[in-house]
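Numbering (our numbering), first residue to last: -11 to 372.
Glycine included, every Cβ here is placed at the ideal spot set by N, Cα and C.
Quick caveat: nothing in here was measured; it's all calculated off a predicted structure.
First up is the structure itself, then whatever we jot down about it.
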């Protein structure tokens, strides 16, 4: 029988936030939020209860709507795809951590708003800037206020980007214990992903936005058409989109790939894809560029968007970074650029792991990731 003293898994699903809590084979302590619901097709039913964890979902509102040891996992359902003995979320819970999993706004499990319909351009009028400025601080504060503890953070891909950007602006630091960044993205100017690079260079996201497609849905008719045209015109082998996008993953659990495709990729804002495309083309990490001096002045008080200054990340912040030699999104050269910035980081506060054979998806779907990456990560957290 499972250990009934294990820490709970809690899921926060953003916009406006859904919280789920669960304790393996033990009674659930309910957390009351502003609104609550337990959808039959939610993450609790489909991904957590199937692993013998009880689970409940709640709705929390972000302020911008006008609009044991606590650990935060960003982004979302990807941490729940592997079997429980290989999944980072369940492994952390089994090791006594109070685990919270957050989904980004706009995804299937985070598509609510107090006033805006989800098919409106205003609903999708955001990029990862807003995740840094509003979503991450608001949800961090909620968990900190509820638990009274500082948080450990785990991010993958965009989850690392928004964390690094927040750290560079002195956000979250007073309620953060440490951070583990897998496939870290601070810069993407050297990325080798043929699909992402060609989409940026051909202004695919900008074209979609100009055609009135404000939700970037990889399963949507408009996005699929543009991607097919891109593949046909550039010679990219799109028969394996996962490899074309993330790089040649070494260690994927074959049975999990189909599970992944049942849930991913999730929608994001087309404006967010424009922002990421700007980063690829320009090799910089700055706020969203409106491509108009007047608009930039309106938003930023200056004609060009401000840069996120990664040199401002505190040297005393405990960091665990793991990156892969085959990763086409978090390219080795871009990661090394970040590591050069971190060269003055306190040596006892920085752990860097390099996995030569790992690509982007191996970190969340690799059948050996629990041994190669997660166990060292958990050991790192125990020292903080």
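Residue nearest to residue i in terms of C-alpha spacing, selected from the options
i, options, result
"residue 207", "256, 72, 198 and 164", "256"
"residue 71", "243, 330 and 170", "243"
"residue 355", "245, 282 and 164", "245"
"residue 81", "61, 117 and 262", "61"
"residue 170", "273, 313 and 372", "313"
"residue 300", "155, 360, 191 and 132", "155"
"residue 240", "364, 357, 39 and 65", "357"
"residue 347", "364, 160, 319 and 205", "319"
First through last residue of the alpha helix (DSSP H) which encompasses residue i
i, result
"residue 145", "Residue 145 -> no alpha helix (DSSP H), and no H or E assigned at all."
"residue 320", "320 to 329"
"residue 209", "209 to 222"
"residue 124", "124 to 135"
"residue 39", "No alpha helix (DSSP H) holds residue 39; DSSP gives it neither H nor E."
"residue 281", "281 to 288"
"residue 79", "76 to 82"
"residue 230", "229 to 234"
Proximity below 8 Å, CB of residue i to CB of residue j
i, j, result
"residue 342", "residue 362", "no"
"residue 76", "residue 179", "no"
"residue 196", "residue 232", "no"
"residue 260", "residue 115", "yes"
"residue 88", "residue 142", "no"
"residue 349", "residue 234", "yes"
"residue 124", "residue 163", "no"
"residue 321", "residue 268", "no"
"residue 218", "residue 212", "no"
Contacting residues, own chain, Cβ-Cβ under 6 Å from residue i (five flanking each side not counted)
i, result
"residue 333", "303"
"residue 55", "Summary for residue 55: the model assigns pLDDT 29, below 50, so the residue's position carries little reliability, and this model does not support an answer."
Boundaries of the beta strand (DSSP E) in which residue i is found, first to last residue
i, result
"residue 311", "307 to 312"
"residue 183", "No beta strand (DSSP E) contains residue 183, which is instead part of the alpha helix (DSSP H) from 182 to 189."
"residue 166", "164 to 170"
"residue 85", "85 to 91"
"residue 359", "Where residue 359 is concerned, there is no enclosing beta strand (DSSP E), given that its DSSP letter is neither H nor E."
"residue 59", "57 to 62"
"residue 338", "338 to 343"
Where residue i falls: helix, strand or coil (DSSP)
i, result
"residue 256", "strand"
"residue 354", "strand"
"residue 304", "coil"
"residue 197", "helix"
"residue 365", "helix"
"residue 25", "Confidence at residue 25 is low in this model, with a pLDDT of 46, below 50, so its placement is unreliable and the value that follows should be read with caution. DSSP places residue 25 in coil when its eight states are reduced to three."
"residue 295", "strand"
"residue 370", "helix"
"residue 69", "coil"
"residue 204", "strand"
"residue 98", "coil"
"residue 317", "coil"
Cut-off 8 Å between Cβ atoms - residues of its own chain near residue i, not counting five sequence neighbours on either side
i, result
"residue 373", "The shown model of the chain, from -11 to 372, leaves out residue 373, and the question about it has no answer."
"residue 199", "210"
Neighbourhood of residue i by C-beta distance below 7 Å, restricted to the same chain and skipping five residues each side
i, result
"residue 220", "none"
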